[in-house]
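There are 4 protein chains.
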Amino acid sequence: MTDRSVKTMCPRKKIDNDLIKEQRRKDILSVSLRLFANRGYESTSISQIAKEAGISKGLIYTYFESKETLLKSLVFDLNSMEDGFLEAIQDVDPYKMMFNIFQFYFDMLIENKDKLRLITALTFQIEKFEFIQDFASQKMEAYLTLFESILTKMGYEKPKEEAMILGVLFDGIAMQFLVIHNDYPIKEIKAFLINKYCNKKAE
Amino acid sequence: MTDRSVKTMCPRKKIDNDLIKEQRRKDILSVSLRLFANRGYESTSISQIAKEAGISKGLIYTYFESKETLLKSLVFDLNSMEDGFLEAIQDVDPYKMMFNIFQFYFDMLIENKDKLRLITALTFQIEKFEFIQDFASQKMEAYLTLFESILTKMGYEKPKEEAMILGVLFDGIAMQFLVIHNDYPIKEIKAFLINKYCNKKAE
Amino acid sequence: MTDRSVKTMCPRKKIDNDLIKEQRRKDILSVSLRLFANRGYESTSISQIAKEAGISKGLIYTYFESKETLLKSLVFDLNSMEDGFLEAIQDVDPYKMMFNIFQFYFDMLIENKDKLRLITALTFQIEKFEFIQDFASQKMEAYLTLFESILTKMGYEKPKEEAMILGVLFDGIAMQFLVIHNDYPIKEIKAFLINKYCNKKAE
Amino acid sequence: MTDRSVKTMCPRKKIDNDLIKEQRRKDILSVSLRLFANRGYESTSISQIAKEAGISKGLIYTYFESKETLLKSLVFDLNSMEDGFLEAIQDVDPYKMMFNIFQFYFDMLIENKDKLRLITALTFQIEKFEFIQDFASQKMEAYLTLFESILTKMGYEKPKEEAMILGVLFDGIAMQFLVIHNDYPIKEIKAFLINKYCNKKAE
DNA sequence: GATGAATGAGATTTCATTCAT
DNA sequence: CATGAATGAAATCTCATTCAT
């Protein structure tokens with residue numbers, strides 16, 4: 352080991368190389384994400400990705416086995432969107448907890464526009480991308496359970512139904528925001544909902 | 352059958368022909384809709400449509416200029432989804448009117464699953480199908496105005512914001528219903544919302 | 352049916368069309384055979400085949416599902432090489448029968464040079480084209496049984512071993528002839544062997 | 352290990368280096384041979400060779416100019432297959448000499464399965480590897496001359512024709528053995544032929 | 001020397017569209 | 001009018017070869 356470092360002179364080289372590789376992988380992912388999200392998966396060619404990433408077509412296949420693998424990497428990397436969610440929202444007060452959820456959700460929405468738009472779009476091709484369906488169903492299930500427990504603590508009469516409505520609201524907001532972009536009054540909606548759901552006296 | 356071999360002898364033939372043509376046009380549209388909605392526009396080939404419609408590839412091009420024209424015909428035909436909407440919902444009582452809107456919307460949702468799924472999916476390919484965006488924006492604008500006027504009559508404090516929430520709910524329900532299909536508890540949601548929004552005492 | 356023939360005017364059209372189609376299929380097969388046999392399967396591209404056949408690349412896929420399907424069509428079409436073999440060689444006299452076999456085999460060799468060269472070449476890529484192996488084994492088995500029965504009738508002492516030698520001779524001749532082509536003294540070899548094996552007094 | 356970091360200090364290193372290089376060259380050749388022989392030249396990639404040889408793709412190009420050069424090295428290295436042939440078979444008795452030839456040939460066959468299979472396979476791609484043809488023709492010419500002289504000494508009536516038959520037998524055995532592998536009754540064939548050709552009384 | 005990231009040419013395959021029949 | 005053979009552009013993917021490190 353020691354003599355090897357003499358031969359290669361500087362150990363940073365290898366590390367640098369790995370860093371560059373990791374960076375390139377990320378570049379490809381981010382370019383793909385942008386194009387897939389805005390034009391659609393099928394309407395984006397590997398050539399276009401390569402051109403926008405400033406590399407050759409072939410190189411993409413050094414980092415990803417196939418176009419579909421690239422897509423799956425994007426989709427499943429997105430767990431990161433919800434990293435730390437459960438920790439971030441915990442609170443003994445259900446109103447505070449609901450507030451935290453709204454906070455986290457709207458931030459996540461704004462930060463992950465492209466990822467979410469891609470995933471949502473894929474969800475609609477039900478016969479082609481079944482792996483997305485399962486993925487989405489699981490998520491929703493977990494959310495509904497969480498909502499129901501909080502709404503129960505808040506004393507709602509029909510917590511199950513109210514949880515469903517909350518789920519619908521979240522999806523509706525996501526959908527409108529992802530499609531309408533810049534002109535969408537997301538702040539107003541957020542404020543209105545926080546006022547409606549996170550205020551003890553409101554009930 | 353035999354008369355088909357003789358050309359333009361009888362005016363009834365012309366009518367028959369027109370009927371046949373119109374029927375064929377509808378066949379192509381309905382097959383396309385089904386395939387586009389479930390597999391995606393790009394993932395559906397003209398060959399597949401022809402095969403499922405029981406006609407030749409070439410014939411599709413006598414009815415539609417191109418694949419994209421066919422798509423646009425589907426999208427713009429769908430005004431029919433809302434035919435008679437304004438007449439159907441009119442009522443002096445805003446609660447009854449809101450009830451009518453819910454009634455109409457949920458019926459429309461169930462009857463036009465494929466159309467709506469297709470349009471929604473296309474909406475996400477914002478750089479590729481810009482014509483859809485404008486189309487959707489206009490619709491939404493009209494709805495919001497309508498909602499606001501009704502909610503104002505009902506005496507809501509913040510009718511503009513509440514209208515927005517209502518719009519979000521409608522889109523959220525559509526989205527979940529279009530993706531989850533059969534298992535989606537659409538009746539329960541409908542009942543719950545009607546109870547919440549169309550009941551004078553509820554307010 | 353009758354009126355249809357009026358509409359299309361002439362029933363020969365359809366038949367002609369089928370004939371043309373069949374001819375085109377044969378053209379592609381024969382060009383492929385020539386190129387595969389002389390350059391090798393992997394070294395022959397679909398583009399080359401299309402160019403030599405005077406058609407577009409795409410058209411090949413109207414007639415054959417894939418490059419490998421095209422190859423398999425060539426290989427399995429070749430049963431025709433041995434059509435009528437068993438009928439042609441039958442005779443009560445084993446010497447005459449052996450003579451018939453030589454006759455048939457050498458004729459077949461000369462007429463099917465390309466086909467045989469292709470198949471033999473594929474046989475050597477044992478890890479890649481297993482379907483050829485089975486095919487060849489079955490053939491050989493049948494030949495050996497036939498040889499043995501004839502040689503037994505001729506009164507050979509070790510008919511089983513002699514049959515094996517005969518099989519080796521046939522394969523050896525094929526191999527040299529397929530590779531050396533024009534300069535190969537196939538007639539002399541044929542005459543010599545017929546004299547050796549089909550002459551009652553020789554034994 | 353440590354001395355590797357110091358350049359050209361001790362002549363032993365140079366020798367070691369040369370040995371390592373020579374060994375690596377042989378490794379590459381043997382891996383290539385195995386892969387080429389079993390999958391075919393075109394179906395084997397440089398990457399596969401590198402991976403199986405445990406080195407990098409690039410390194411192969413310091414030992415061999417190109418993939419084709421590597422192939423040619425394999426083919427022409429194989430003269431070694433016949434090293435010592437002429438010395439080994441010499442004998443005043445033509446029967447003993449013929450026996451020696453059989454002995455040598457069958458041994459060589461068993462020891463050089465892969466090499467022979469590769470060369471034979473290439474021989475069939477006559478338009479692509481012309482250099483093989485010439486190579487093979489020369490070999491065959493030499494063999495025939497040798498056979499003829501021995502058979503003449505043995506007193507055969509038509510030594511030229513018999514020599515040709517012997518050549519055919521050798522090629523036929525090679526072909527069947529190379530393709531059929533393990534189940535091939537090579538020992539029986541060897542014994543039978545030795546009995547037939549190397550026994551004075553047999554004639 | 002040794003690596004493997006990077007390239008670019010070319011292979012197979014698909015498919016919207018045209019057009020002769 | 002109806003067909004589907006035919007085209008050609010473009011998509012995905014492979015791989016021999018190079019070269020910076």
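Chains as they are written, first to last, in our numbering: chain L, 352 to 554; chain F, 352 to 554; chain B, 352 to 554; chain P, 352 to 554. For glycine and all other residues, C-beta sits at the position ideal for the given N, C-alpha and C.
Which word fits Q476/L, buried or exposed, when buried means at least 16 other C-beta atoms lie within 10 angstroms of its C-beta? buried
Anything in chain P within Cβ reach of S394/B, meaning under 8 Å, just list it in chain order. E393, Q476, K479
Helix, strand or coil, according to DSSP, for E539/P in the structure here? helix
What are the residues in the segment 442-458 of chain P lying within 8 Å of chain B by C-beta distance? none
Look up S488/B in the DSSP assignment and say whether it is helix, strand or coil. helix
Would DSSP call F550/P helix, strand or coil? Note that residue 550/P is Asn in the sequence shown here, rather than Phe. Reduced to three states, the DSSP call for N550/P is coil.
Residues in the segment 502-519 of chain F with C-beta within 8 Å of chain L's C-beta atoms, listed in sequence order? K509, E512, M515, I516, G518, V519
Length-filtered (3 minimum) beta strand (DSSP E) runs lying within the segment 434-459 of chain L: none
Mind checking which residues open and close the alpha helix (DSSP H) that includes I470/L? 464-475
Around the C-beta of E499/B, are 16 or more other C-beta atoms found within 10 angstroms, so that it is buried, or is it exposed? buried
Starting from M515/L, trace the alpha helix (DSSP H) both ways and give me its first and last residue. 510-531
Determine whether the Cβ of D522/L lies closer than 8 Å to any Cβ atom of chain F. yes
What separation, rounded to the nearest whole angstrom, lies between the Cα atoms of R385/P and V530/F? 53 Å
Suppose contacts are defined by Cβ-Cβ distances below 8 Å. Is K541/P in contact with F450/P by that definition? no
Assigned exposure category for Q527/F - 16 Cβ within 10 Å defines buried: buried
Since I470/B and I452/B should fall inside the 8 Å C-beta cutoff, what is the C-beta to C-beta distance between them, to a whole number of angstroms? Contact flag wrong, Cβ pair sits at about 20 Å.
Nearest chain L C-beta to I540/F closer than 8 Å, yes or no? yes
C-beta atoms of D523/L and D522/F nearer than 8 Å: Residue identity differs from the one stated: residue 523/L is Gly in this sequence, not Asp. Result yes, Cβ atoms of G523/L and D522/F sit closer than 8 Å.
Is the Cβ of E554/L closer than 8 Å to any Cβ of chain F? Residue placement at E554/L is poorly supported in this model, since its pLDDT is 44, which falls under 50; the coordinates are not used for a value here.
8 Å Cβ cutoff, A472/P in contact with chain B: yes
Mind pulling the chain L residues with CB within less than 7 Å of N389/F? I477, E478
8 Å is my cut-off, CB to CB: does V382/B come that close to chain P? no
From the DSSP output, in three-state form, read off T395/L for me. coil
Residues of chain P with a CB under 7 Å from the CB of V426/B: which are they? None at all; the shortest Cβ gap to chain P is about 14 Å.
Can you tell which of M515/F, S383/F, E416/F has its C-alpha closest to the C-alpha of K402/F? S383/F
Y507/P, DSSP secondary structure in three states: coil
Could you check which residue in C549/P, I545/P, I516/P, K538/P has the C-alpha nearest to that of L544/B? I516/P
For A514/L, count the other beta carbons within 10 Å of its own beta carbon; 16 or more makes it buried, fewer makes it exposed. Which is it? buried
Could you name the residues of chain F that F320/L contacts, counting a contact when the two beta carbons are closer than 9 Å? Residue 320/L is absent from the structure shown; chain L starts at 352 and stops at 554.
Short of 8 Å in beta carbon distance, which residues of its chain neighbour D439/L, apart from the five on each side in sequence? Order them along the chain. Looking at the sequence provided, one finds Ala at residue 439/L rather than Asp. Around A439/L: N451, F455.
Check S407/B in the structure and name its three-state DSSP category. coil
Residue range of the alpha helix (DSSP H) that includes F415/P: Where F415/P is concerned, there is no enclosing alpha helix (DSSP H), given that its DSSP letter is neither H nor E.
Hey, would you say I379/F sits closer than 8 Å to A404/F, going by beta carbons? yes
Would you say Q555/F lies against chain L (beta-carbon separation less than 8 Å)? Because residue 555/F is not part of the residues shown, which for chain F are 352 to 554, the question remains open.
Under the assumption that K408/L contacts S398/L (Cβ atoms under 8 Å), give the Cβ distance between them as a whole number of angstroms. 6 Å
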